[in-house]
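Numbering (the numbering used here), first residue to last: 46 to 529. Think of the CB as a built atom: it goes at the ideal place given N, C-alpha and C, for glycine as much as any other residue. None of these values were measured; they are calculated from a predicted model. A short write-up of the structure that comes next.
The following block contains the structure:
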């Protein structure tokens, strides 16, 4: 088993280092240049759009708001990787990894904008009246390659629906066991797995609208609790902040680190962990973005770009500061254990128990978002009624199994699956990005005219495969105020 694990790690490292990381960085820079830095210059517009209320539908059915879709994607983005992943990046790549994580978020937000705007444009309506969409859908409808969409759908379903949910369940069990050592008996793992499966079942069997309602409450609460906890640590060590910032910049560019090969490790760990954390360009968040009811596809593209900043520049940065301002001994510690030690050194033992609650909230919300990504892609592959209940049952089984033991090999396999998923998605959105930028031009033209932008498919001649933007069904909304 160790030999297999080592082989997977070796293949994975070469795949990411020599192919995927250059592709992700190159695509992000291209999208940034083509959009004239839309992810930065339209930041105020992102906050305006995310607060926008969705008008009621004529048929009276409930719908997923832009904020609801934002929380579904944030639920999957903000997981244990924000605590364990950032700490591991610092352990392996030094403080400089944090700088490259920031850079990955700044350019990756452009990729998030493109993929989510495309997902909105090529979404479809299912039998329940809810919207579905994502990379599989625009691969079929825009590129005319259903086989590519099916390949992507299978990959994301396995990666997120099964493997990542098993990993999240395992993390919850491990942290809870560490916080409550007296529960180390044989029944604790299975009991925790069954409890998690029961809670997840309550959410997922209610459909996407119940998922949105759960995550709308859960994600802001878990983010605020963790950020407040981290802010307390930073404030108690505020005199260390200049040193921390110097370590981050120095670790990213320092001559000593360059000579020792530390800069390369910092770049690789920062970009890779940042990519895993914010998922920009991976093709996962667009599945949630497509579910929203918005008047223009660009709105959800902007919202999902904001989600990248929320994940990395807020939550991941807080983890980095918690670790670096307290300077706990890095040797022999990685992941959540390192973050837990840093909290305990400053706030006392009670902070470890609070972190257990935070990890549960982070991981459980990720499980809900991960499940939804699989559901959307299962329905792309087939409409047979028995498949979706079967998928739900397998997801719950994966949660139980994930609570029972080590997932080292499975996690490393998940890296390969996720990397392959990103490769397929990026190769699809590179040629389709021209459509996303035409959407952006249309949106900005309406904003400059003082309108709340409304899109219909006849506004861009030559579009094919667009289903849900019929001019007949669109009503003009009242102006939103001053143009941009």
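request  = Inspect the beta-carbon positions of residue 367 and residue 278 and report whether they are closer than 8 Å.
outcome  = yes
Cα separation between residue 199 and residue 425? Distance between the alpha carbons of residue 199 and residue 425 is about 10 Å.
- Task: Apply the 10 Å Cβ neighbour rule to residue 342 and answer buried if 16 or more other Cβ atoms are within range, or exposed otherwise.
- Result: Burial call: buried.
In the DSSP assignment, find the alpha helix (DSSP H) that holds residue 344 and state where it starts and stops.
342-354
- Message: Three or more C-beta pairs under 8 Å: does that hold for the segment 165-182 against the segment 82-89?
- Response: With a cut-off of 8 Å, the segment 82-89 and the segment 165-182 do not count as touching, because too few Cβ pairs lie within range.
- Query: Do residue 113 and residue 337 have their C-beta atoms within less than 8 Å of each other?
  - Reply: With contacts defined as CB atoms closer than 8 Å, residue 113 and residue 337 qualify as a contacting pair.
Bridge partners - residue 177, DSSP secondary structure assignment: 169
Rounded to the nearest angstrom, what separates residue 181 and residue 287 at their Cα positions? 46 Å
With 16 other Cβ atoms within 10 Å as the buried cut-off, status of residue 159 | buried
* Asked: Ordered along the chain, which non-local residues of its own chain (more than five positions away) have a Cβ less than 6 Å from that of residue 412?
  -> 210, 213 and 245
Return the chain-ordered list of same chain residues with a C-beta closer than 6 Å to the C-beta of residue 387, the five sequence neighbours on each side being excluded. Counting only residues of its own chain and dropping the five nearest sequence neighbours on each side, residue 387 has a CB closer than 6 Å to the CB of 367, 368, 371 and 373.
Original post:
Three-state secondary structure (DSSP) at residue 512?
Top reply: For residue 512, the secondary structure class from DSSP, reduced to helix, strand or coil, is coil.
Would you call the segment 231-241 and the segment 462-482 in contact, with 3 or more CB pairs under 8 Å? The segment 231-241, when compared against the segment 462-482, does not touch it at the 8 Å Cβ threshold.
Where residue 90 falls: helix, strand or coil (DSSP)
helix
Taking the alpha carbon of residue 323 as the reference point, which residue from 148, 54, 290 and 140 has its own alpha carbon closest? Considering only alpha carbons, the answer is 148.
(Q) In whole angstroms, give me the CA-to-CA distance for residue 201 and residue 327. (A) 10 Å
query: Rounded to a whole number of angstroms, what is the C-alpha to C-alpha distance between residue 184 and residue 193?
result: Spanning the alpha carbons of residue 184 and residue 193 requires a straight line of approximately 7 Å.
Report task. Can you say whether residue 231 is buried or exposed, counting buried as having 16 or more other CB atoms within 10 angstroms of its CB? Result -> exposed
| field | Environment of residue 151 [buried if 16+ CB atoms lie within 10 Å] | value | buried
Exercise. Just list the alpha helix (DSSP H) runs in the segment 414-462, keeping only unbroken ones of 4 residues or longer that don't cross its boundaries, in chain order.
Key: 432-447
query: Taking residue 344 as the reference, which of 488, 56, 130 and 295 has the closest Cα?
result: Comparing C-alpha distances from residue 344 to each of 488, 56, 130 and 295 shows the shortest one belongs to 488.
Give me the Cα-Cα distance between residue 96 and residue 72, rounded to the nearest whole angstrom. 29 Å
(Q) Rounding to the nearest angstrom, what Cα-Cα distance links residue 470 and residue 197 in this structure? (A) The alpha-carbon of residue 470 is positioned some 8 Å away from that of residue 197.
Item checked: residue 61, buried or exposed, once every other Cβ within 10 Å from all chains shown has been counted against 16 -> buried
Nearest-angstrom Cβ-Cβ length linking residue 440 and residue 419, presumed shorter than 8 Å
Contact between residue 440 and residue 419 holds, with the beta-carbon distance rounding to 7 Å and staying under 8 Å.
- Around the Cβ of residue 142, are there at least 16 other Cβ atoms within 10 angstroms (buried) or fewer (exposed)? buried
For this session: Take residue 178 as the anchor and find which of 511, 515 and 516 has the nearest alpha-carbon.
Result: 511
Candidates 507, 508 and 477: which alpha carbon is nearest residue 76's? 477
| Taking the continuous alpha helix (DSSP H) assigned at residue 74, which residues delimit it? | That run of the alpha helix (DSSP H) goes 66-79.
**Q.** Assumed close pair residue 215, residue 447 - CB separation to whole angstroms, cut-off 8 Å
**A.** 5 Å
Taking only runs that begin and end inside the segment 474-501, name each unbroken beta strand (DSSP E) of 3 or more residues, in chain order. For the segment 474-501, not a single whole beta strand (DSSP E) run of length 3 or above is found.
**Request:** Please list, in chain order, all residues of the same chain as residue 354 whose beta carbon is under 7 Å from its beta carbon, the five residues on each side excluded.
**Result:** 150 and 154
Next on the checklist: Let me check understanding here. Comparing Cα to Cα, which of 499, 171 and 67 lies closest to residue 340?
Outcome noted: 499
Next item on the list: Please report how far the alpha carbon of residue 490 lies from the alpha carbon of residue 90, in whole angstroms.
Entry: 14 Å
- Cα separation between residue 275 and residue 284? 15 Å
_Spatially closest choice to residue 362 from 422, 293, 330 and 93, by CA coordinates_ = 293
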